[in-house]
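Sequence positions in the sequence shown follow the numbering used here and run 909 to 1345. Heads up, the beta-carbon is just placed ideally off N, CA and C, and yes, glycines get one too. Below: the structure, in structure tokens.
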Amino acid sequence: MGITTAGVPVYDVVGVGFGPSNLSLAVALDDFEGAGSRPLEAAFFESQPSFGWHRNMLLPSSKMQVSFLKDLATFRNPVSRFSFVSYLHSNGRLAQFVNNCDFFPTRAEFHGYLEWVAANFTDRVEYGSRITSVTPVRGPGPDDPVERLRIHVSTASGPRFVEARNIVMATGLVPKMPDGVARDEHVWHSSEFLGKFRQSAASELKHVVVVGGGQSAAEIVRFCHDEAPNAKVTAVVPSYGYSIADNTPFANEVFDPGAVDDYYQSEQYAKDKLWDYHRNTNYSVVDGDVIRSLYQRKYDDDVQGVDRLRFMELSRISAVKRDGDDTWVTVQSLATGRSDDLDVDVVVCATGYEPMAVGRLLGDVDRFCRRDGQGRHLVGRDYRLATTGDLRAGIYVQGGTEHTHGLSSSLLSNLAVRSGEIVESVSRNRLAEPSDQ
909 MGITTAGVPV
919 YDVVGVGFGP
929 SNLSLAVALD
939 DFEGAGSRPL
949 EAAFFESQPS
959 FGWHRNMLLP
969 SSKMQVSFLK
979 DLATFRNPVS
989 RFSFVSYLHS
999 NGRLAQFVNN
1009 CDFFPTRAEF
1019 HGYLEWVAAN
1029 FTDRVEYGSR
1039 ITSVTPVRGP
1049 GPDDPVERLR
1059 IHVSTASGPR
1069 FVEARNIVMA
1079 TGLVPKMPDG
1089 VARDEHVWHS
1099 SEFLGKFRQS
1109 AASELKHVVV
1119 VGGGQSAAEI
1129 VRFCHDEAPN
1139 AKVTAVVPSY
1149 GYSIADNTPF
1159 ANEVFDPGAV
1169 DDYYQSEQYA
1179 KDKLWDYHRN
1189 TNYSVVDGDV
1199 IRSLYQRKYD
1209 DDVQGVDRLR
1219 FMELSRISAV
1229 KRDGDDTWVT
1239 VQSLATGRSD
1249 DLDVDVVVCA
1259 TGYEPMAVGR
1269 LLGDVDRFCR
1279 RDGQGRHLVG
1289 RDYRLATTGD
1299 LRAGIYVQGG
1309 TEHTHGLSSS
1319 LLSNLAVRSG
1329 EIVESVSRNR
1339 LAEPSDQ
């Protein structure tokens, strides 16, 4: 780590965010050090007070939708000490996991694995720290290129600065709500579900509405049906029931590392076709076992003459209103246009996320970044943003690359390989260290 004349620390890599993506980057950097190369000095900043990944969707028995082998390291380095198998071995569960004959761990167990890995990097990450701005740092002359980026960090103890020769942005996604609907104590996004549910009196809930047609929505419907025994649960689904995720072997090849190359090198027409053909592997789809379990619950209720689980298909919510102590949800049929008003206790919007806003965080530095005809950032195959020649510092993104690298590029399936590619790129493009700055 270098130090500027003003006493500001200079790192080879600064990671913005420390979720699974940049945690995997930390692992790849650790392996890079072990290969005998000069270590790349790195620091990470995470706004959460501790490591956490979708904590509010760690529902009991909810399972991962990817194999345990698609962990933070295995596809890049099968003998890594940070593999999921190493985690099982260190916790004395390897034999039991094998005996269970299941490629898909529960979400809670996988989160435990991520926490186990993150505990190895406490000296490189500052939690409770938010990046407020990024500014360019030029060489000594006014016309010199931008060699580093100055990062303004807000911490509990006050603001401070660090500088980076490369910045890797993995700030995650922003919860997306239906148009005109705002979150409050009765209207939740799925990203806050479990915490909010635990704060509520589940036995007193009378009516819960869950909006959305994807995996999270279906899992929340099932959870509410099981855990709020006195509540009616209404699922508002935009399609005709839930659509099943295509997880067959050939379709799953779209998540292979090589598929990123295929997509990146394709013409736009082929990219559009790939997206259309294979979006049903990941977007607005539900695992078959979850669909069947919900249908079985509905059938069992019907047999018993119980009206607890209702599916309003081909529908959307058009408004949420408060009337005194009551919350009213207007549900509109996409087929007939008819609207129904429901008196509810809670509305859960499992309506997805918006991509991270890279340009907003980069601020003035964004003017150095090149864009395509639709205003999207141009991204190199190594996940480095394409920039003008007077910006030599590297800006890498872990997410928001679906338009360049395909639908699988930012998913867990490619974490290990993607992080390795970023480390290799940083190493190749490493700038000469200043001798007196």
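CB contact flag (D1210, R1216, <8 Å):
no
If you drop the 5 nearest sequence neighbours on each side, which residues of the same chain put their C-beta closer than 6 Å to that of F992?
F976, D979 and Y1021
Contacting residues, own chain, Cβ-Cβ under 7 Å from D1026 (five flanking each side not counted):
A small correction: the amino acid at residue 1026 is Ala; Asp does not occupy that position in the sequence shown. Here the set comprises L931 and F959.
Can you give the Cα-Cα distance for S1241 and Y1261, rounded to whole angstroms?
23 Å
Using the rule of at least 16 other Cβ atoms within 10 Å of the residue's Cβ for burial, across every protein chain shown, is V1256 buried or exposed?
buried
May I ask you to list the residues that DSSP assigns as paired with E1262?
V1082
For T1295, which residues of its own chain have a beta-carbon under 8 Å away from its beta-carbon, when the five flanking residues on both sides are left out?
F1276, C1277, R1278 and I1303
If you reduce the DSSP assignment to three classes, tell me which class V1076 lands in.
strand
Tell me the residue span of the alpha helix (DSSP H) that contains Y1021.
R1015 to A1026
Where the beta strand (DSSP E) containing H1097 begins and where it ends:
V1095 to H1097
CB of V1144 within 8 Å of CB of S1223, strictly:
yes
With a threshold of 16 other CB atoms inside 10 Å of the CB of C1132, please say whether the residue is buried or exposed.
buried
If I follow the unbroken alpha helix (DSSP H) through F1219, where does it start and stop?
First-last for F1219: L1217 to M1220, but that is the beta strand (DSSP E), not the alpha helix (DSSP H).
Does the beta-carbon distance from S1098 to M965 come in below 8 Å?
yes
Rounded to the nearest angstrom, how far is the Cβ of S1316 from that of A1167, given a contact under 8 Å?
6 Å
In terms of DSSP beta bridges, what is I1330 paired with?
None; I1330 has no bridge partner.
When the Cα atoms are used, what is the spatial distance from V1054 to E1161?
40 Å
Selection from R1056, V1042 and S1041 that minimises the alpha carbon distance to P1048
R1056
Through-space distance from A981 to V1325, alpha-carbon basis:
8 Å
Closest to I1199 by C-alpha separation, out of F952, S970, V1214 and S929, would be which residue?
S970
Spatially closest choice to N1190 from L1319, D939, N1007 and F1011, by CA coordinates:
L1319
Where A1159 and H1186 are concerned, what is the direct C-alpha to C-alpha distance, given to the nearest angstrom?
7 Å
How big is the Cα-Cα spacing for D1253 and D1233?
10 Å
Does the beta-carbon of I1075 have 16 or more other beta-carbons within 10 angstroms, so that it is buried, or is it exposed?
buried
DSSP state of Q956, grouped into three classes?
coil
Please go through the same chain and pick out, in chain order, the residues whose beta-carbon is closer than 7 Å to the beta-carbon of P1342, but skip the five residues on each side of it.
With a pLDDT of 49 at P1342, under the threshold of 50, the predicted position of this residue should be treated as unreliable, though the coordinate-derived value follows. Hits under 7 Å: G910.
For the segment 1178-1264, which segments carrying the beta strand (DSSP E) assignment without a break, of at least 3 residues, lie completely within its bounds, in sequence order?
1217-1220, 1223-1231, 1234-1241, 1247-1252 and 1254-1257
Along the chain, where does the beta strand (DSSP E) that runs through I1303 open and close?
G1302 to V1305
Alpha carbon of V1193 to alpha carbon of D920, nearest angstrom
40 Å
Just the Cα atoms here: how many angstroms apart are R946 and V1119?
51 Å
E1112 versus H1094 - alpha carbon distance
14 Å
Is the CB-CB distance between R1218 and K1140 below 8 Å?
yes
Quick one, which of R1300, L1269, H1311 and P1165 has its alpha-carbon nearest G1281's?
H1311
Considering just the uninterrupted stretch of the beta strand (DSSP E) at G923, what are its terminal residues?
V921 to V924
Whole angstroms is fine: what's the gap from P957's alpha carbon to F926's?
11 Å
So, with DSSP's three-state summary, where would you put G1314?
coil
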